[in-house]
Every structure is written in C-alpha cells, then in structure tokens.
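Numbering (the numbering used here), first residue to last: 55 to 377.
All residues carry an ideal CB built from backbone N, CA and C; glycine is no exception.
Here the structure is laid out as structure tokens; the discussion comes afterwards.
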C-alpha cells in the first residue's frame, strides 16, 4: 500500500527538481555571446500577427498596486548637467569710438526757445475815474513782441482831466529773461506831461514769482541829475472762472525836488486800487472798482500851495482788453 502512494509523490518531486534546474540554467546564460546583430528581423511577418486577439478588457489594471520607487539609491550629485557658456560661441568684436559715435550722434540744441516770434497787447486799465464832482480818463497799457528769452516791451500810462492831458509817458524797454519767472529790462522813458516833458534812462526787473502776482521795479536817471524809482504790483485773485478781483499798488520816489513837474524828493505819490472784473472773453473784461490816490512830502506841500487835495478817493469803471 505504501509503495502505491509513494510512487506519485516521488514523480512529483522529480518534476519540480527538473524545473528548478532549468530556471537556474536560464539565469546563468551568457547573453553577451549572442550575436543579436545577425538576427534578421525583416523575416518576421508582423502583418500576420493578430493583435486584436488579446482582450485587455478582462485585465483589472486598477487593482494592481504600484510598488514604491526608492530614490535614495540614486546619486543625483554625480549627474552631469549642461553648463551655460560664459562667452558666446561666436566672439563679438570690441566696441570702438566710431561705434559709439554712430549709436549716439551729437544732438542739436533745443528748438523751442526764441525760435518763434510772439506778441501781445494788454490794456490793463482804460477807465473813467469820478472824484470831487469831477472826472478823469486814465489809461495803463503795455505791449511786447519777441521770443521766450528776449523781447521788446512798450509801456504807457497817463491821465486826462477836463479835456487836458496832465500826465503822459511812453517807455521802450528791452527785456531779457534770467529765469523762468524773472527778466531784466533796460531802455528809455519819455515823459510828455507834466510841463515840457523829460527823458529818462530806465533799467529794472519784472516778473511773476507767484501765480497771478506781477511785480515791477524800475529805476530812472533823467535830466539835471534827477533820479526816480517806481514800484508796481498787482495780484489777480480768481473768485470764479470769470469773476476776478485784482488789488494793485503803485508808488513813485524821486531823488530831488522839481517844482516845475510837481516832483518832491523821497516818496512822492502812491495809488492803491481794487478792481472787480468779469471776463466775458479772455480779451474783453469790464470792471468796476475804487482807487485811493495820495501825495507825500514836498510833492504834497506843492499841491497844498496850489489849493489842491493831497488825497482822493475815486470810483472807477472801465474795461480790460487783451489782443
């Protein structure tokens, strides 16, 4: 009985030993001796292979676990990376002075300033003044022509009362800008009235240090060693885009007495005014205001001797023009 059961068992063990020996022999096979290059793969008929016979739908790939990959055994430090070149493969020739001159040619001067001739005529005051049951026509205007740096200035002011001209003068000045807001002026002033008139050499400075603020300081040297100084200022305050309130001040100083022209040494006279104008356009603006005129020192004494009034308050109405 035992021999009957042992024979199949012995046969199975012999078969397992044979399979194991075949697997060991396959692992020890030297593939280096095989000449794979002499294999004729072209003889294989791939067209006759039935690729569609395999049914992949039966395979459950989703249930097969992916074994973890161990990166610790990889030596990343020894991997050779391509290094960037410090210099281009085709070296560039050095930049020469000729190259620099071609890339950065000399630029011409600025073409804005003083290339275009402009002009303007501004009649600051053309008004009727009422005072002491009387009246007078007063004017104050200036004009200029030229560029941004150099220009010719013309100034005139005067007064007519009861059909007679009591004061009238004209100045011709050359102005040169010394900054964006200031310019120096020099030229001549001719007085036509009072008396027989007088000619002065004039020089001074004028400018707009603040928006709307205009300042003028002009010194004069006249005949018979007479000297004079005039200070003027005005400040245009915008109440609205069209309503503008403008206070103004003018003061005249003389170096010596001149009775024939009602000129006394020191501060001779001043005018302080306030005018409110409405700009219908930039070139046409009617206004009303008040002006306070006063004489001082020797000039005031001369007016008293003639039974005149050294101080007057005048109501004014006029128009400001700009061309």
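So what's residue i in DSSP terms, helix, strand or just coil?
i	result
residue 310	coil
residue 107	With a pLDDT of only 47 at residue 107, under 50, the local geometry of the prediction cannot be trusted, and the value read off the model is given with reservation. The answer is helix: DSSP assigns residue 107 an H, G or I state.
residue 374	strand
residue 195	strand
To the nearest whole angstrom, what separates the beta carbons of residue i and residue j, a pair I think is in contact under 8 Å?
i	j	result
residue 349	residue 323	5 Å
residue 217	residue 171	With a Cβ gap of about 39 Å, residue 217 and residue 171 do not count as contacting.
residue 365	residue 343	Not quite, the Cβ-Cβ distance comes to about 17 Å (not below 8 Å), so this is no contact.
residue 373	residue 340	5 Å
residue 174	residue 377	7 Å
residue 252	residue 277	6 Å
residue 299	residue 330	5 Å
residue 282	residue 289	Their Cβ separation, rounded to whole angstroms, is 24 Å, which puts residue 282 and residue 289 out of contact at 8 Å.
residue 227	residue 256	6 Å
residue 347	residue 325	5 Å
residue 238	residue 232	6 Å
residue 225	residue 241	7 Å
residue 296	residue 333	5 Å
residue 185	residue 367	7 Å
residue 287	residue 264	In fact, because the Cβ distance is near 11 Å, the residues do not count as touching under 8 Å.
What are the boundary residues of the beta strand (DSSP E) that includes residue i?
i	result
residue 5	The structure shown does not extend to residue 5, since the chain is modelled only from 55 to 377, so the question has no answer here.
residue 284	281 to 289
residue 209	204 to 215
residue 148	Per DSSP, residue 148 belongs to no beta strand (DSSP E) and is neither H nor E.
residue 263	252 to 264
residue 270	267 to 275
residue 293	Here residue 293 belongs to no beta strand (DSSP E), and DSSP marks it neither H nor E.
residue 224	218 to 231
On the DSSP letters alone, give me the boundaries of the alpha helix (DSSP H) that residue i sits inside.
i	result
residue 143	Neither: residue 143 is in no alpha helix (DSSP H) and is coded neither H nor E.
residue 169	That residue, residue 169, is in no alpha helix (DSSP H); it is neither H nor E in DSSP.
residue 154	151 to 157
Excluding five sequence neighbours on each side, which residues of the same chain lie with their C-beta closer than 7 Å to the C-beta of residue i?
i	result
residue 310	280 and 319
residue 205	198, 199 and 229
residue 248	220, 221, 315 and 316
residue 371	181, 182 and 342
residue 211	193, 194 and 223
residue 246	222 and 223
Identify, in the order they occur along the chain, each residue of the same chain with its Cβ nearer than 6 Å to the Cβ of residue i, setting aside the five sequence neighbours on each side.
i	result
residue 80	A caution first: residue 80 carries a pLDDT of 48, below 50, which makes its placement in the model too unreliable to give a value.
residue 375	177
residue 98	Only weak support exists for where residue 98 lies, its pLDDT of 49 falling under 50; the coordinates are left without a value.
residue 285	271 and 305
residue 357	349 and 364
residue 148	none
residue 307	283 and 321
residue 254	243, 274 and 276
residue 209	196 and 225
Spatial neighbours of residue i within its chain, please: C-beta separation below 8 Å, excluding the five flanking residues on both sides.
i	result
residue 191	181, 182, 183, 213, 214 and 215
residue 262	235, 268 and 269
residue 169	201
residue 313	356
residue 156	none
At a cut-off of 8 Å, is residue i close to the ligand NAP when judged by its beta-carbon and the heavy atoms of the ligand?
i	result
residue 330	With respect to the ligand NAP, the structure shown offers nothing to examine, as it has no ligands at all.
Ordered list of beta strand (DSSP E) runs contained in the stretch 318 to 372, each at least 3 residues: 320 to 332 and 338 to 349
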